[in-house]
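Asks: Residue numbers for the sequence shown follow our numbering, so the first one is 29 and each next one is one higher.
We put the CB at the ideal spot given by N, CA and C, even for glycine.
For clarity, every value in this text was computed on a predicted model and none was experimentally measured.
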Amino acid sequence: MKKSKYQVIVKIVELGSFAQAAAFCNYSQSAVSKIVSTVESELGVTLLIRTHEGVRLTEDGAQLFPYIRGLSNTDAALYEKASELVGIESGTIKLGTFSSISSHILAPILRDFKKEHPNIKFELFEGLYSDTEKWISNGTTDLGFVYMPTMKEFTTVPMFEDRMLALLPSDHPLAALDVIPLAAFENEPFIMLSGTDREVLRAFSRKHIKPDIEYVTDNDYAIISMVENGLGLSILAELMLRDDNHDIVVRETEAKTSRKIGLAIKNKPHVSLAVNNFMNFLTDHISEYVPK
């Protein structure tokens, strides 16, 4: 399916490159440049500027970009609705996700969904919980996995709960315990994962414990490696620890906390058939993909 001029501009901004956007949209690079020039002439402003770091929005472009994204999403919805009217299910689902979902359960979900809906394509956007919320809110993605509770402007379907577990070096004295007391994190360097701190810090607060936070990172795998190398203790979601081969010990904490994962979409009157089918598929089958 051909991309509209507004979809092309959005893709240039997302990828930061004329060449990559041209390849994605199946246009020549000269055609993409002409599209940008045409839109800039229509609007009477320069939207994009090339730098050594790639393509970025000008100040005027940044102010106009939310409207351009809105037109891009409307164009996509128009083409998808037209396909529905002639009996063809097609379109692209833009899905926001985060590393534990992407690494451990998303691939089989997409594989099985595509068996039933072979004409649906996906664009995946991976980031922190706050990123997936932002992307849903501003229209970057159609829907996304979120940490519940989330924004009131979303319609959210609960997916699953994921235990938050303690990570220790295998030779740590506390590794002999079945359950790690929260007080242990007050006396040991604590490695915090950005974005999951809400529930974890709430558990500490309820016990009036102030963890000794020595490191903060948004990379789950970095935390696992840091714990393995004796830099501290941490608490991560169980899903992230699935099939892990590192020399660490995983234990429950006395707080027995968990994160609640949902699938969210921005409240709006019309949802594409593709997005609706994907939400229904996950609602019906998510338990088949989450480890018991």
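How far does the alpha helix (DSSP H) with F306 in it extend, from its first residue to its last?
Replies: Start and end: L301 to H313.
Asks: Should the stretch 90 to 100 be called in touch with the stretch 126 to 135, which here means at least 3 C-beta pairs below 8 Å?
Replies: No: fewer than three Cβ pairs fall under 8 Å.
Asks: By alpha-carbon positions, which one of P94, I37 and K30 ends up nearest to E68?
Replies: When each option's Cα is compared against that of E68, the closest is I37.
Asks: Give me the Cα-Cα distance between A203 and H236, rounded to the nearest whole angstrom.
Replies: Approximately 23 Å between the Cα atoms of the pair.
Asks: Can you list, in chain order, the residues of its chain whose CB lies under 8 Å from that of S222, leaving out five sequence neighbours each side?
Replies: For S222, where only same-chain residues beyond five positions count, the Cβ hits under 8 Å are L156, V244, T245 and D246.
Asks: Restricting to Cα atoms, I'd like to know which of V299, D248 and F213 is closest to A231.
Replies: Looking at the Cα atoms, F213 is the closest of the given residues.
Asks: Would the stretch 181 to 190 and the stretch 250 to 258 be scored as touching if the rule is three or more Cβ pairs under 8 Å?
Replies: With the cut-off at 8 Å, the stretch 181 to 190 and the stretch 250 to 258 do not touch.
Asks: Under three-state DSSP, which class holds F150?
Replies: The answer is strand: DSSP assigns F150 an E or B state.
Asks: Please confirm whether G290 and T168 have their CB atoms less than 8 Å apart.
Replies: No.
Asks: How far does the beta strand (DSSP E) with Y243 in it reach, from first residue to last?
Replies: Its beta strand (DSSP E) spans residues D240 to T245.
Asks: Have a look at S300, P136, I121 and D275 and flag the residue whose alpha-carbon is nearest the alpha-carbon of L106.
Replies: Here the closest residue by C-alpha is S300.
Asks: Identify the residues that DSSP records as bridge partners of T350: which are they?
Replies: Residue 350 lies beyond the range of the chain shown here (29 to 320); nothing can be said about it.
Asks: Any idea if Y8 is buried or exposed, counting beta-carbon neighbours within 10 angstroms, 16 or more meaning buried?
Replies: As displayed, the chain neither begins before 29 nor continues past 320, which places residue 8 out of reach and without an answer.
Asks: Which whole-angstrom value describes the C-beta separation of I263 and M307, a residue pair presumed to lie in contact below a C-beta threshold of 8 Å?
Replies: No, I263 and M307 are not in contact; Cβ-Cβ is about 30 Å, not under 8 Å.
Asks: Buried or exposed for G82, going by 16 or more other Cβ atoms inside 10 Å?
Replies: That one is exposed.
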